[in-house]
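Reviewing the structure listed below.
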Amino acid sequence: MTSTITAFERSPDGGKGLARDTRVRWALEEAGQPYDVRLVSFAGMKEPAHLALHPFGQIPTYEDGDLALFETGAIVFHIAERHGGLLPEEANARARAVAWMFAAVNTVEPPILDLQTARFAEGDKPWSQERLPLVMDRIRARLDQLSTRLGDADWLDGAFSAGDLLMVSVLLRLRMSGILDEYPNLAAYVARGEARPAYRRAFAAQLAINAPTTG
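Just so we're aligned, residue 2 is where the sequence shown starts under our numbering, counting upward by one.
Shown next as structure tokens:
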């Protein structure tokens, strides 16, 4: 049975791959699994039918038979566990890959999202210019640690895994800020993720939905 995911009818990022459905698309592409996409408008995300799938009215969701999931990390974890290619076979390596999945969404992503909030949602507040350097410092503290751990390795723990998929997806949110350029090994790490054929397919699929229409 082909799974179905939900995605923005019109993504706020205009198809730059930052919407979280791209992470799920990427995981499915890495696993070689076909999938359908149901597009949801911002209004539709708050309607009962969608709230039954995602109680917080967000995307993506994942449906496969009688299973319905929300939360990107949980969806990617499910795909990685059910299909090959995203988690190592060896038990300890598998556990470490899962730890990196949690690290990406629980430790590295929150200060990055805080930066977006500080710039776009709070940019007009009188205290925003004082808060922004503090947010940037928190991001750099995490990147310092991540950069040290990665070193000159291609991936976080041996071969590419779901941990790398989520970490690269999180770090991509920093590209426009220029902070990532301060860490050449992390910038190269992200570029390796983007160069993977599965990521390219996922990105192209998300971009196709948001491409401007002509005529």
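For each residue, glycine too, the CB sits at the ideal point set by N, CA and C.
Practice task
Return the residue from the list W156, L172, G179 and D155 that minimises the CA-CA distance to Y143.
Solution key: Contrary to the premise, residue 143 reads as Arg rather than Tyr in this sequence. The shortest Cα separation from R143 among W156, L172, G179 and D155 belongs to L172.
Exercise for the section: Pick out whichever of G159, G16 and A196 has its Cα sitting closest to the Cα of A98. Expected result: G159
Handout entry: C-beta contact flag for A163 and L40 at 7 Å
Key = no
Handout entry: Selected residue, minimal CA-CA separation from F43, among G16, F9 and L52
Key = F9
Exercise for the section: Assign A100 to buried or exposed, taking buried as 16 or more other Cβ atoms, counted over all protein chains shown, within 10 Å of its Cβ. Expected result: exposed
Exercise for the section: Could you check the C-alpha separation between N208 and G16 for me, to the nearest Å? Expected result: Per the sequence presented here, residue 208 reads as Leu, with Asn not at that position. For L208 and G16, the distance between alpha carbons rounds to 4 Å.
Handout entry: Start and end residues, alpha helix (DSSP H) containing S178
Key = No alpha helix (DSSP H) contains S178, which DSSP labels as neither H nor E.
Handout entry: Completely contained alpha helix (DSSP H) runs for the segment 48 to 97, where each covers 4 or more residues
Key = 49 to 52 and 73 to 83
Practice task
Determine which residues share a DSSP beta bridge with S4 and list them.
Solution key: Y36
Practice task
Taking the CB atoms as reference points, tell me whether T7 and T62 lie closer together than 7 Å.
Solution key: yes
Exercise for the section: Please classify G1: is it buried, with 16 or more other beta-carbons within 10 angstroms of its beta-carbon, or exposed? Expected result: One cannot answer for residue 1 here, as it falls past the ends of the chain, which runs 2 to 216.
Handout entry: E195 - containing alpha helix (DSSP H), residue span
Key = P185 to A196
Problem - At least 3 beta-carbon pairs within less than 8 Å: the segment 105 to 119 vs the segment 166 to 182 - result: yes
Handout entry: Contacts around A188, its chain only, beta-carbon distance under 8 Å, and the 5 residues preceding and following it disregarded
Key = L181 and D182
Problem - Start and end residues, alpha helix (DSSP H) containing A44 - result: That residue, A44, is in no alpha helix (DSSP H); it is neither H nor E in DSSP.
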